[in-house]
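Here's the structure, in structure tokens; my notes come after.
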Amino acid sequence: MAENTVSPTRERHFTLTTAALLILPLVILGGVIWLFLSTGGGLKLSSPAPIEALSFERTILKPGQIEIYVRNAGPKEVQIAQVIINDAIWPFMASPGPVIPRLQTAVVHLDYSWSQGEAYRIRLFSTNALPFELKIPAAFSTPEPNRRTFLAFTLIGLYVGVIPIFLGLFWFPALRQLGRGAMVFLMAVTSGLLVFLGLDTVSEALEKAAAISSPFQGIGLIGIGLVGTFFLLDAVSKRQTATGRSEASQRLTLAYLIATGIGLHNLGEGLAIGAAFNVGEINLGAFLVVGFIIQNITEGLGIIAPVLRDRPGIKNLALMGLVGGGPAILGAWIGGFLPSPILAVLFLAIGTGAIFEVVYEIAKLIQKDTARTAKPFTVLSGIMVGMLLLWVTGLMIK
87 MAENTVSPTR ERHFTLTTAA LLILPLVILG GVIWLFLSTG GGLKLSSPAP
137 IEALSFERTI LKPGQIEIYV RNAGPKEVQI AQVIINDAIW PFMASPGPVI
187 PRLQTAVVHL DYSWSQGEAY RIRLFSTNAL PFELKIPAAF STPEPNRRTF
237 LAFTLIGLYV GVIPIFLGLF WFPALRQLGR GAMVFLMAVT SGLLVFLGLD
287 TVSEALEKAA AISSPFQGIG LIGIGLVGTF FLLDAVSKRQ TATGRSEASQ
337 RLTLAYLIAT GIGLHNLGEG LAIGAAFNVG EINLGAFLVV GFIIQNITEG
387 LGIIAPVLRD RPGIKNLALM GLVGGGPAIL GAWIGGFLPS PILAVLFLAI
437 GTGAIFEVVY EIAKLIQKDT ARTAKPFTVL SGIMVGMLLL WVTGLMIK
């Protein structure tokens, strides 16, 4: 009787032939693009008007000086030919030069004695006589990085993030006295808080994405930050679960994940506050500080909810408070000294991804805790209470 034999699997190697087969389509594609660009696809059409785009990324006001950071967002290089302040033609210098290649930046320097609190309208004209307008609603000396302003923005971050988060953590001893049903309710409250924060963060990201240059594809940047962060944290969580760690250890990890998500959200809050002070909107900045202080105390509650039945220790609680509140300081520094709409969009997107991944982890924990006795109305009421808490405190900010 003949025996069935299984042929051994051939070992495959990456050869020059394989590399050539991978590269050949790309070479052909490049040739097709070159053919189209050189022949115009047979249409032989030309643009009736030059296509130029300049975006204003930052304005710095110093005594007797105005510096404008502009980026060429158009398909071809742009040359700045003239600057008009209000209705007066004004001499200018541009560095590295008035000709700006695609996607590159230049700094337009103006020696101009502006007045505190006055409004200014600045128009930049290209060599094709296309105008690009910048409005300064109220002139204000831009904060410069020095010891005093560095300390001021650090204190703002402490007020907004660290202090209210730690005040929320002080509820830990009292909340430990609650029963199992109350803890499920608090976990649901945490989910509601985070869902609201996630929606608020993605809304801010979309708003800022509309302000960045179109070649940087703000919506795509949001997708990269959100999806990448979500699956990165999900992979970290699954890897820790696979190592056979105890349930208490997994709950502590979840608390740190919540602190991370909240911290990234607070980074966005710090950016908003720092940017407001950077452009002289002092009343808005102060208003945001007070509002976020009130709102963020509830975030401390969300951080400790998963570990209420455990004993995480003072060290872990302190570290979670710093993870949740500390990024507000970094955000205030960036927003106050180096405001960048691209960085703001990316950070907000990362925060959104982290927040929604944490909500997913909390949902799994709630499902596990209610496996024997379902508590659908407890979970629903907790989620709604969490969302309403931030909605009500948001009335003091928006």
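Each step along the sequence shown adds one to the number in my numbering, with nothing skipped, and position 231 is 317. Even for Gly, the Cβ is constructed at its ideal location relative to N, Cα and C. All of these numbers come straight from a predicted model, not from anything done at the bench.
- Candidates L434, V444, N402, of which the one nearest L255 by Cα: Residue N402 is the option with its Cα nearest to L255.
- Message: Closest to F226 by C-alpha separation, out of F258, A430, S199, would be which residue?
- Response: It is S199 whose Cα lies nearest to the Cα of F226.
- Message: Judging by CA-CA distance, which residue of V322, G356, R395 is the nearest neighbour of E333?
- Response: In terms of Cα proximity to E333, the closest of V322, G356, R395 is R395.
- Residue of R188, R234, T145, G160 minimising C-alpha distance to L196: The option with the nearest alpha carbon to L196 is T145.
- Message: Please identify the residue among E143, E163, V164, K162 whose C-alpha is closest to the C-alpha of I154.
- Response: With distances taken between Cα atoms, I154 lies closest to E143.
- Query: Can you pull the DSSP bridge partners for D173?
  - Reply: DSSP output for D173 lists no bridge partner at all.
- Could you spell out where the alpha helix (DSSP H) holding E447 opens and where it closes? Where E447 is concerned, the enclosing alpha helix (DSSP H) stretches over 427-455.
- Message: Using the three-state DSSP reduction, which class does I379 fall into: helix, strand or coil?
- Response: In the structure shown, I379 sits in a helix (DSSP, three-state: H, G or I).
- Query: What is the DSSP secondary structure of T297, counted as helix, strand or coil?
  - Reply: The sequence given here places Ala at residue 297; Thr does not occur at that position. DSSP places A297 in coil when its eight states are reduced to three.
- Task: Pull up the DSSP beta-bridge partners for A192, would you.
- Result: DSSP lists V156 as partners of A192.
- Item | Cβ neighbour criterion (16 or more within 10 Å) applied to A345 | A345 is buried by the Cβ-count criterion.
- According to DSSP, residues forming a beta bridge with T145: In DSSP, T145 forms a bridge with I154.
- What is the DSSP secondary structure of M87, reduced to helix, strand or coil? Any answer about M87 is weak, because its pLDDT of 47 lies below 50 and its placement is not dependable; what the coordinates show is given next. DSSP places M87 in coil when its eight states are reduced to three.
- Using a threshold of 8 Å, state whether the C-beta atoms of L280 and L272 are closer than that. It is not a contact, given that the beta carbons lie outside the stated cut-off.
- When the Cα atoms are used, what is the spatial distance from A274 to K450? Annotation: A274 to K450 spans about 11 Å, alpha carbon to alpha carbon.
- Item | Through-space distance from T438 to I359, alpha-carbon basis | Rounded to whole angstroms, I359 to T438 spans 19 Å at the Cα level.
- For F252 and G411, believed in contact at Cβ under 8 Å, the rounded distance: Separation of the CB atoms of G411 and F252 is rounded to 7 Å, and the pair is thereby assigned contact status at 8 Å.
- Please confirm whether F218 and L140 have their CB atoms less than 8 Å apart. For F218 and L140, yes; Cβs fall inside 8 Å.
- Count the C-beta pairs between the stretch 186-195 and the stretch 148-166 that are closer than 8 Å, then say yes if the count reaches three, no if not. Taking 8 Å as the limit for Cβ pairs, the verdict is that the stretch 148-166 does touch the stretch 186-195.
- Message: Could you check whether A418 and I171 sit closer than 8 Å to each other, using their CB atoms as the reference points?
- Response: Their beta carbons are not under 8 Å apart, which means I171 does not touch A418 by this criterion.
- Query: Bridge partners of V164, per DSSP?
  - Reply: BP columns for V164 point to I186.
- Taking only the alpha-carbon atoms, compute the straight-line gap between L387 and T276 and give it to the nearest angstrom. So the alpha carbons of these two residues sit roughly 7 Å apart.
- Pair within 8 Å by beta-carbon distance, V409 and G468: Inclusion of V409 and G468 in the CB contact set at 8 Å is not warranted, their separation being larger than that value.
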